[in-house]
Each structure stands twice: as C-alpha cells, then as structure tokens.
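Take a look at the structure below.
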Amino acid sequence: MRNQKIAQDLGGYQLTLTNATDPEILEATQNFNYDTERIAEGTVLLQQAQQLNIKQEKEYGEQYSATTVLDNAIDEFNDSTYMPHIRLARKLFATDNGILSMLDVNGRRRWRYEEYISQARTFYNNALSTPQVLSKFAMVNITTETLQASLDQLNNLDLLRAAQKNESGEAQQATDDRDRAMDEINEWMSLYYTVAKIALADKPQLLEKLGVKA
126 MRNQKIAQDL GGYQLTLTNA TDPEILEATQ NFNYDTERIA EGTVLLQQAQ QLNIKQEKEY
186 GEQYSATTVL DNAIDEFNDS TYMPHIRLAR KLFATDNGIL SMLDVNGRRR WRYEEYISQA
246 RTFYNNALST PQVLSKFAMV NITTETLQAS LDQLNNLDLL RAAQKNESGE AQQATDDRDR
306 AMDEINEWMS LYYTVAKIAL ADKPQLLEKL GVKA
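Numbering of the sequence shown is given in the numbering used here, commencing with residue 126 and proceeding in unit increments.
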C-alpha cells in the first residue's frame with residue numbers, strides 16, 4: 126500500500142512539474158520566486174526520487190527471489206535428505222541412546238535457521254566420523270559419499286542464506302535512500318502547491334492543469 130501511494134505521489138508530481146513551466150502558470154508563480162530555474166530544481170529532486178524508487182523495487186524483487194530460492198532449498202534438503210536420514214537413524218540405533226544423542230536425532234527438529242543448521246551439521250559430521258554409524262547406514266545404502274553429499278548440500282544452504290541476507294541489506298538500504306529522497310521532494314512539492322494555490326487562486330483551470338484542486 127505504501128509503495129502504491131509513493132508511485133501515485135510521484136506520478137502526480139510529474140504531472141505538476143511538467144506543466145509548471147506553462148507560460149501562464151510561470152508568470153503567476155515567479156512572483157513567489159518559482160521561476161524556470163526553481164522549477165528545474167524541483168524536477169531534479171523528482172528525478173532522483175523516481176530513480177531511487179525504481180532501484181528500491183528492483184532490490185526488493187531480488188530479495189524476494191533470493192528468499193524464495195533459500196526457502197525452496199531448505200524444504201528440498203529437509204524433506205528429501207535430512208528427515209529421511211533422521212528417520213532411518215532413529216530406527217537403526219533405536220536401542221543405542223549414546224548414538225542417538227551423538228547424532229542429535231531425539232525430539233523435534235529446531236526450526237530457527239541457525240539452530241536447524243547446527244543440529245543438521247552435528248548429525249552429518251558425527252555420522253561421518255563414527256565407523257559404527259557408517260557401518261549401519263551402509264545397510265540401507267547410505268554411504269559415506271551420500272552423507273558427504275548431504276553435508277555439502279547443507280553447506281550450500283549457508284551460501285544461499287548469506288546471499289539472501291546480502292539482498293535483504295541492499296533492499297533496506299535502497300528503501301532508506303528512497304525514503305530520504307521522497308522526504309525532500311514531498312517538502313518541495315508541498316510548498317510549491319501552497320504557492321500555486323495562492324498565485325492561481327482566480328484561475329482554477331490552471332490549478333487543474335497542475336493536478337491541484339482549487
């Protein structure tokens with residue numbers, strides 16, 4: 126909703142400043158120091174805000190894409206790799222509480238990202254370094270290579286997470302930059318509209334040309 130309002134405001138400002146140099150309008154507003162040069166200053170502020178708004182939308186689109194890629198990768202790893210291995214480990218070592226504890230397979234999986242990754246990494250690192258675990262996993266065709274590939278898949282999630290965090294930071298910075306530019310153009314336009322209403326008080330058709338209600 127906020128982005129929609131910003132787009133509407135920028136569109137309105139574009140209309141106003143495009144028509145602000147109309148000779149009849151300019152003749153009235155330049156009595157308040159709103160001449161061609163002053164209007165050009167407002168146009169520069171508007172263009173900056175427009176460019177930063179486009180950049181903000183681009184950065185948020187990239188953040189959304191990176192988040193989707195990460196979420197899909199986590200779901201794929203969890204559903205197709207990690208949880209099947211957890212279920213098999215619980216069955217294979219059902220009578221060995223020491224192994225179950227070492228692999229951290231008891232109880233529910235943690236779902237906060239950092240905790241989830243840590244728990245999964247504990248599972249694969251300890252499995253790979255324990256011959257007894259490797260031997261039993263081999264019974265169900267979970268080889269050392271399979272476990273290493275799973276750990277590599279897990280490590281790739283960290284790379285995707287880092288990329289997502291980077292995109293998130295860039296999106297937030299783009300928003301801050303856009304908002305500062307909007308503050309500047311909003312302030313400039315607010316004063317201009319006040320001046321225009323005074324200067325063109327007896328010419329409602331020219332106010333309408335600026336997109337201003339008399």
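Beta carbons are placed, not taken as given, at the ideal position from N, Cα and C, and that holds for glycine.
Take Asp302 and list the residues in its own chain whose beta-carbon comes closer than 7 Å to its own, dropping the five residues that flank it on each side. Hits under 7 Å: Leu177.
Which residue from Ser275, Thr141, Glu184 puts its Cα closest to that of Gln298? Nearest to Gln298 by alpha-carbon distance, out of Ser275, Thr141, Glu184, is Glu184.
Assigned exposure category for Glu292 - 16 Cβ within 10 Å defines buried: Counting every other CB atom within 10 Å of its CB across the protein chains shown gives Glu292 a total of 16 or more, marking it as buried.
Less than 7 Å between the CB of Leu285 and some heavy atom of the ligand ATP, yes or no? The ligand ATP is absent from the structure shown, which contains no ligands of any kind.
Integer Cβ distance of Ala214 from Leu285, believed to fall under 8 Å: Rounded, the Cβ-Cβ distance is 25 Å, inconsistent with contact.
Give the range of the alpha helix (DSSP H) segment to which Arg233 is assigned. Counting along the chain, no alpha helix (DSSP H) covers Arg233, and no H or E run does either.
If you run the structure through DSSP and keep just helix, strand and coil, what is Ser205? Residue state, collapsed to three classes: helix.
Environment of Lys261 [buried if 16+ CB atoms lie within 10 Å]: So Lys261 ends up on the buried side.
Since Ala245 contacts Leu272 with CB under 8 Å, what's their CB separation in whole angstroms? Contact between Ala245 and Leu272 fails: their C-beta atoms lie close to 12 Å from each other, not under 8 Å.
Taking the alpha-carbon positions, what's the Glu166 to Gln155 distance? Distance from the CA of Glu166 to the CA of Gln155, rounded to the nearest whole angstrom, comes to 14 Å.
Relative to the C-alpha of Ala145, which residue among Tyr241, Ile164, Gly137, Asp134 is closest? Comparing Cα positions, the closest option is Ile164.
What separation, rounded to the nearest whole angstrom, lies between the Cα atoms of Met126 and Thr192? With a pLDDT of only 49 at Met126, under the threshold of 50, the placement of this residue in the model should not be trusted; the figure read from the coordinates follows. Taking the straight line from one Cα to the other gives about 21 Å.
Within its chain, find whatever has a CB closer than 6 Å to the CB of Ile341; leave out the 5 residues flanking it on each side and keep chain order. Beyond the ends of the chain as shown, which are 126 and 339, falls residue 341; an answer cannot be given.
Compute the Euclidean distance between the alpha carbons of Ile224 and Tyr238, then round it to the nearest angstrom. Distance from the CA atom of Ile224 to the CA atom of Tyr238, rounded to whole angstroms, is 24 Å.
Give the straight-line distance between the Cα atoms of Ile150 and Leu282, rounded to the nearest whole angstrom. If I take the Cα positions, the gap works out to 59 Å.
Per DSSP, what kind of secondary structure is Lys130 in: helix, strand or coil? For Lys130, the secondary structure class from DSSP, reduced to helix, strand or coil, is helix.
Considering only residues of the region 168-218, which uninterrupted alpha helix (DSSP H) runs meet the minimum length of 4 residues and lie entirely inside it, listed in chain order? As far as the region 168-218 is concerned, its whole alpha helix (DSSP H) runs of at least 4 residues are 208-217.
On the DSSP letters alone, give me the boundaries of the alpha helix (DSSP H) that Thr154 sits inside. In the DSSP assignment, Thr154 falls within the alpha helix (DSSP H) that extends over 148-154.
Just confirm the distance between the C-beta atoms of Leu332 and Leu325, as a whole number of angstroms; I'd bet it's less than 8 Å. Between Leu325 and Leu332 the Cβ distance is about 5 Å, and since that is below 8 Å, they are a contact.
Counted within 10 angstroms of its Cβ, other Cβ atoms place Asn128 as buried (16 or more) or exposed: Exposed.
Just to confirm the assignment, what range does the alpha helix (DSSP H) spanning Asn251 have? Start and end: 238-253.
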